[in-house]
DNA sequence: ATAAAACAGGCAGAAATCTGCCTGTTTCTG
DNA sequence: CAGAAACAGGCAGATTTCTGCCTGTTTTAT
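Residue numbers (the numbering used here), protein chains in the order written: chain A, 9 to 210; chain B, 9 to 210.
Now the structure itself:
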């Protein structure tokens, strides 16, 4: 993997929503430079239209916008595309804002000004999710949700088991294999599908 | 059919975790005055012990604690009790903190100093939601056996989920299918494999 | 620096699961 | 009792997961 010769045919398309046209344009430009197809919308209403008419794989939206807020917009968007991953960003977000966003199934919440590399890596993660990975959004939301599909709940539990074992063994995969008595290849696959990364987080 | 008599009304028991003993004591006192059974722990390690040895229905934990943080503690706790509702509280929480907490399935994130009424109403909501929900003993036995292979533990969890849902819906498989969003045929197979029998009355 | 150990992923056949269609049984309702 | 609704399982093709073998990369130890 010396260089990014991974020219995938699948066009990963992002819907970028922000009422600040300068920021919107700048971010869109940056993302396009990084091989991400970007559809822009300067308001939630416009974004809803885009969502209805175009094939969108993910949403990145500002929290505070005149008219419909990012939270309201996301609630609407979920009616159209229940599982679409949504990333929020905002300056001056309160704890309550973040809680509300995450309850709506946000994948992440970035602070404004958004660090381009952070946004990009978040989106790249979503992009890889696209190829056979699991909706990480569903995973963390569903642990305590009694409305979540059976499958997601089980996957969430698998994720918890693996992460716990990883933590317990200081990130040593070999120990996890031994402890959980799971095939090495299976564990590797599960970790990738469930979006588990080893390394002690801080 | 079902006995709605609420005969053996188990008290709703809360595990309150905070390294600040003054705050811990004050909150515990307030909650006890409001008919909530409170188990206190002044560290995450102690809390884990309490969780293993006592019947706990919900957790309220500080985010920042010396040693194991509230986040790490929650990850641990979820292994023992995957579905237990967790409420965080903290002063000076960053956006990243809140995101991490919600990803761990937090029910809510309160800001310190916690407004007693807010905490109380949050807990009351949990209490009503939790009536007769989960057989904590089953969770305890099946999930805590940290020597069992991964596969076995996942199967035990599936069994638990299905049995819980069956119980919740009075043994009506149709409702379970709808609730868990699982294919009818798949559910039938799983029930047979896992040795689950529906008792319309118990 | 070099060797050894640990780790991740491609590949492919094997195994298991999922799920639509159909049938027969049991339970409910009037 | 008759009809309707709910339920369980057989069957089979589609899909997913599992897992051994092999290769290349990263980390650790000497």
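Cβ atoms here follow ideal geometry from the backbone N, Cα and C, with glycine treated the same way.
Look at the stretch 93-105 of chain A: the residues with a C-beta under 7 Å from a C-beta of chain B are 101, 103. Comparing C-alpha distances from residue 119 of chain B to each of B:84, B:174, B:101, B:40 shows the shortest one belongs to B:101.
Of all alpha-carbon atoms in B:179, B:81, B:131, the one lying nearest the alpha-carbon of residue 27 of chain B is that of B:81. If you look at residue 64 of chain B, you'll find it isn't in any alpha helix (DSSP H); DSSP assigns it neither H nor E. When 9 Å is used as the limit between beta carbons, residue 190 of chain A is near these residues of chain B: 157, 158, 159, in chain order. Against chain A, the beta carbon of residue 76 of chain B has no neighbour under 9 Å; the closest one sits roughly 10 Å away. Taking a 10 Å sphere around the C-beta of residue 84 of chain B, we find 16 or more other C-beta atoms and assign the residue as buried. In terms of CA proximity to residue 197 of chain A, A:163 leads the group A:163, A:178, A:187.
Contact between the stretch 60-69 of chain B and the stretch 21-38 of chain B is present: 3 or more CB-CB pairs across the two stretches fall below 8 Å. For residue 190 of chain B, the secondary structure class from DSSP, reduced to helix, strand or coil, is coil. Annotated three-state conformation of residue 123 of chain A is coil, per DSSP. Annotation for residue 46 of chain A: 22, 24, 36, 39, 40 place their beta carbon closer than 7 Å to its own, counting only its chain and skipping 5 residues before and after.
Identification of chain A residues near residue 73 of chain B by a Cβ-Cβ cut-off of 9 Å yields none; the smallest Cβ-Cβ distance measures about 15 Å.
Beta-bridge analysis with DSSP links residue 114 of chain B to B:94. Contact annotation, residue 107 of chain A with residue 106 of chain B: C-beta distance approximately 6 Å; criterion of less than 8 Å satisfied. If you draw a straight line from the Cα of residue 129 of chain B to the Cα of residue 186 of chain B, it comes to about 30 Å. Contact of residue 50 of chain B with chain A is not assigned, every C-beta pair being separated by 8 Å or more. Below the 8 Å Cβ cutoff, chain B contributes 83 as neighbours of residue 171 of chain A, in chain order. For chain A, the residues of the stretch 109-124 of chain B that bring a beta carbon within less than 9 Å of one of its beta carbons are 109, 110, 111, 112, 113, 114, 115, 116, 117, 118, 119, in chain order. Counting only the Cα atoms, residue 99 of chain B lies some 15 Å from residue 30 of chain B. Per DSSP, residue 50 of chain A lies in no beta strand (DSSP E) segment and is marked neither H nor E. Collapsing the DSSP output to three states places residue 205 of chain A in coil.
With a threshold of 8 Å between beta carbons, residue 166 of chain B makes contact with chain A.
A straight line joining the alpha-carbon of residue 121 of chain B with that of residue 74 of chain B spans about 19 Å. When beta bridges are read from the DSSP output, residue 70 of chain B appears opposite B:97. A distance below 8 Å separates the beta carbons of residue 32 of chain B and residue 48 of chain B.
Secondary structure note for residue 21 of chain B: its beta strand (DSSP E) is the uninterrupted segment 21-25.
A straight-line Cα-Cα distance of about 11 Å links residue 191 of chain A and residue 181 of chain A. Separation of the CB atoms of residue 97 of chain A and residue 114 of chain A is rounded to 10 Å, and the pair is thereby denied contact status at 8 Å. When the five nearest sequence neighbours on each side are left out, the beta carbons in the same chain lying within less than 8 Å of the beta carbon of residue 53 of chain B are those of 75, 76, in order along the chain. Scanning A:34, A:117, A:111 for the CA closest to the CA of residue 71 of chain A turns up A:117. Under the Cβ criterion of 8 Å, residue 175 of chain A is counted among the residues facing chain B. Under the three-state reduction of DSSP output, residue 102 of chain B falls in the coil class, being neither helix nor strand.
Taking each of B:131, B:204, B:201, B:79 in turn and checking the Cα distance to residue 110 of chain B, the smallest one comes out for B:79. Residue environment analysis places residue 157 of chain B among the exposed positions, since fewer than 16 neighbouring C-beta atoms fall within 10 angstroms of its C-beta.
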